[in-house]
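> Protein chains in written order, with the numbering used here: chain B, 34 to 255; chain G, 2 to 226.
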Amino acid sequence: MVAACELRGIHRRFGRYWALVDINLQIQPGEAVLVCGPNGAGKSTLLSICATLLRPTHGELLLFGKEPRKHRAEVRAKMGYLLHQTLLDDALTAEENLRFYAALYGLDQVDARVRKRLEEAGLAHRAKDTVQTFSRGMRQRLSLARALLHEPDLLLLDEPLTGLDQQAKDALCERLALERQAGRALIIVSHELPQLMGFSDRVVRIDGGRIVQDQPIAEAIA
Amino acid sequence: MSSWALIGAVLSRDLRAEWRRRETVLTIVLFALLTVLTFVFSFDPARHPRELVLPGTLWTAFFFAGMLGLNRSAARDQADGVLTGIAMSPADRGWLYVAKIISHFVFMAVGETVVLLLSIVWYDLRSEHLTGMFFLVLLLGTIGFLAVGNVFVVIGQKSRLQEVMLPVLLLPVLSPLILGLVEATAIILASGPRGDLISWLQLIIAFDILFLGVGFLLYGQTLED
Numbered sequence: 034m035v036a037a038c039e040l041r042g043i044h045r046r047f048g049r050y051w052a053l054v055d056i057n058l059q060i061q062p063g064e065a066v067l068v069c070g071p072n073g074a075g076k077s078t079l080l081s082i083c084a085t086l087l088r089p090t091h092g093e094l095l096l097f098g099k100e101p102r103k104h105r106a107e108v109r110a111k112m113g114y115l116l117h118q119t120l121l122d123d124a125l126t127a128e129e130n131l132r133f134y135a136a137l138y139g140l141d142q143v144d145a146r147v148r149k150r151l152e153e154a155g156l157a158h159r160a161k162d163t164v165q166t167f168s169r170g171m172r173q174r175l176s177l178a179r180a181l182l183h184e185p186d187l188l189l190l191d192e193p194l195t196g197l198d199q200q201a202k203d204a205l206c207e208r209l210a211l212e213r214q215a216g217r218a219l220i221i222v223s224h225e226l227p228q229l230m231g232f233s234d235r236v237v238r239i240d241g242g243r244i245v246q247d248q249p250i251a252e253a254i255a
Numbered sequence: 002m003s004s005w006a007l008i009g010a011v012l013s014r015d016l017r018a019e020w021r022r023r024e025t026v027l028t029i030v031l032f033a034l035l036t037v038l039t040f041v042f043s044f045d046p047a048r049h050p051r052e053l054v055l056p057g058t059l060w061t062a063f064f065f066a067g068m069l070g071l072n073r074s075a076a077r078d079q080a081d082g083v084l085t086g087i088a089m090s091p092a093d094r095g096w097l098y099v100a101k102i103i104s105h106f107v108f109m110a111v112g113e114t115v116v117l118l119l120s121i122v123w124y125d126l127r128s129e130h131l132t133g134m135f136f137l138v139l140l141l142g143t144i145g146f147l148a149v150g151n152v153f154v155v156i157g158q159k160s161r162l163q164e165v166m167l168p169v170l171l172l173p174v175l176s177p178l179i180l181g182l183v184e185a186t187a188i189i190l191a192s193g194p195r196g197d198l199i200s201w202l203q204l205i206i207a208f209d210i211l212f213l214g215v216g217f218l219l220y221g222q223t224l225e226d
């Protein structure tokens, strides 16, 4: 089976500082991997490389068995992102934002997709409101709806629970668990492990730019 | 997805967001007006021949206001992360570039219209000056500016100097275009023999074709790296 995401000997340097050193990792289709570690460990750098936002200094990244620079459109059509920034235009309504991304991804059945994702996010009643009127939690839910709009096979999430209240965290975890059940591979960078461990398969701990732990969740808990 | 649908989506998003914010157009209009007003005070239109002063005044106002507009619009995209979202999508980069040129063309056209209306009063422009050829030069000049500006504004936004980078990168590259535009506009406003007008038009058209082609091919690279 071709891995959804494979990192082979990835190094990344910023100036004289090595943020990542010899990272080897495989994430299989349908697998949920939790990436954790202290601040400055290299977690977000790792996610940015997986998202093809950063190039590794050395090493090879394969997404769905393909080199992303050579198969850019094909690979990106299979990936969804939930980053620190929402990637939403706050002058547009929730519906307009999703329609814009539907156009960027060349999707069909746009009305049905947008309606479905807004309902799942619990934002159908606010579809016509501009994003600038939304709370942090509502923006995060809409951002997840944006990330899932094109039914990606691989979902990358950077600190998805940051800034959310407990109710919003529970709702987001529930949605991620459903996406995991739907067969999507998830790479989640987070400090908030207990809440995310419920539906994750593996935990990868990074420290000083190196992988220091890579275990199934059951073993990590034990 | 068809290129037309992509252009339509980007255009619709840019125009809708601008209609609600009114930031970019307001920046362009205000700055262009202030620039022309400064030139009116510096070179009294009653004492200086129109064809000597107005071409430089107009193109200075349009290009500097256009740079502010491009920076304003790109900074907004950067702040919301929309530029990252666009960069991470599978959409065709070349047609994204075309869409961005069209939306910024609309913003600049609003500013240019306001400035021209006031120039009719300040510089006594008459119908024999505002000919089809005058508007053709205006159209080609704005396209040439946006062809280069839309690439450099993305590069500028990624650097630490941001707003400063755009004029530093853009103006040297635009110099042949500016020369051609000022000379062509002066010939049209002089209402005399057309002389070298065709040669200057050829230079402007060649500049537009060259940089539209380069931008179409390289816009994706600027988004990625």
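No residue lacks a Cβ here, since even glycine has one placed at the ideal position from N, Cα and C.
1) Helix or strand or just coil, what does DSSP make of Arg174 (chain B)?
2) Could you give the C-beta distance for Val11 (chain G) and Ala100 (chain G), rounded to a whole number, given that I count them as a contact under 8 Å?
3) Is the number of C-beta pairs between the region 56-65 of chain B and the region 231-238 of chain B that are closer than 8 Å three or more?
4) Our contact map puts Ile189 (chain G) next to Met134 (chain G) with C-beta atoms below 8 Å; I'd like the distance itself, whole angstroms only.
5) State the DSSP-derived secondary structure class of His91 (chain B), mapped to helix, strand or coil.
6) From the DSSP output, in three-state form, read off Lys99 (chain B) for me.
7) CB Asp15 (chain G) to CB Leu121 (chain B), shorter than 8 Å?
8) Shortest alpha-carbon distance to Gly70 (chain B) belongs to which of B:Asp247, B:Ala251, B:Glu252?
9) Within the continuous alpha helix (DSSP H) that includes Leu140 (chain G), where are the two ends?
10) If we cut at 8 Å on Cβ distances, does Thr78 (chain B) have a partner in chain G?
11) Does any C-beta atom of chain B lie closer than 8 Å to the C-beta of Ile87 (chain G)?
12) Roughly how far, in whole angstroms, is the beta-carbon of Asp123 (chain B) from the beta-carbon of Arg243 (chain B), given that I think they are within contact range, below 8 Å?
13) Can you give me the C-alpha to C-alpha distance between His49 (chain G) and Asp197 (chain G), rounded to a whole angstrom?
14) I want to check one thing, is the minimum distance from the CB of Gly67 (chain G) to the heavy atoms of the ligand NAP below 7 Å?
15) Taking CB distances under 8 Å as the criterion, tell me whether Leu7 (chain G) reaches chain B.
16) Would you please state the rounded distance, in angstroms, between the beta carbons of Ala84 (chain B) and Tyr114 (chain B)? I believe it to be under 8 Å.
17) Strictly under 8 Å for the Cβ-Cβ distance: is Asp123 (chain B) near chain G by that measure?
18) Determine which residues of the region 159-171 of chain B have a Cβ less than 8 Å from any Cβ of chain G, and write them out in chain order.
Taking the coordinates as given:
1) Under the three-state reduction of DSSP, Arg174 (chain B) is assigned to helix.
2) About 4 Å; that satisfies the 8 Å criterion.
3) These segments touch.
4) The pair is a contact, with the Cβ atoms about 5 Å apart (cut-off 8 Å).
5) The answer is strand: DSSP assigns His91 (chain B) an E or B state.
6) Note: Lys99 (chain B) maps to strand in three-state DSSP.
7) Contact flag unset, no.
8) Selected option, being the one with the closest Cα: B:Asp247.
9) DSSP places Leu140 (chain G) in the uninterrupted alpha helix (DSSP H) bounded by 133-159.
10) Among the CB atoms of chain G, none fall inside 8 Å of the CB of Thr78 (chain B).
11) Yes, because at least one Cβ of chain B sits closer than 8 Å to the Cβ of Ile87 (chain G).
12) Contact annotation, Asp123 (chain B) with Arg243 (chain B): C-beta distance approximately 38 Å; criterion of less than 8 Å not satisfied.
13) Spanning the two alpha carbons is a distance of roughly 23 Å.
14) This structure simply doesn't include the ligand NAP, nor any ligand for that matter.
15) For Leu7 (chain G), the answer is yes, since a Cβ of chain B falls inside 8 Å of its Cβ.
16) With a Cβ gap of about 6 Å, Ala84 (chain B) and Tyr114 (chain B) count as contacting.
17) Asp123 (chain B) counts as touching chain G.
18) Residues passing the 8 Å Cβ filter: Thr163.
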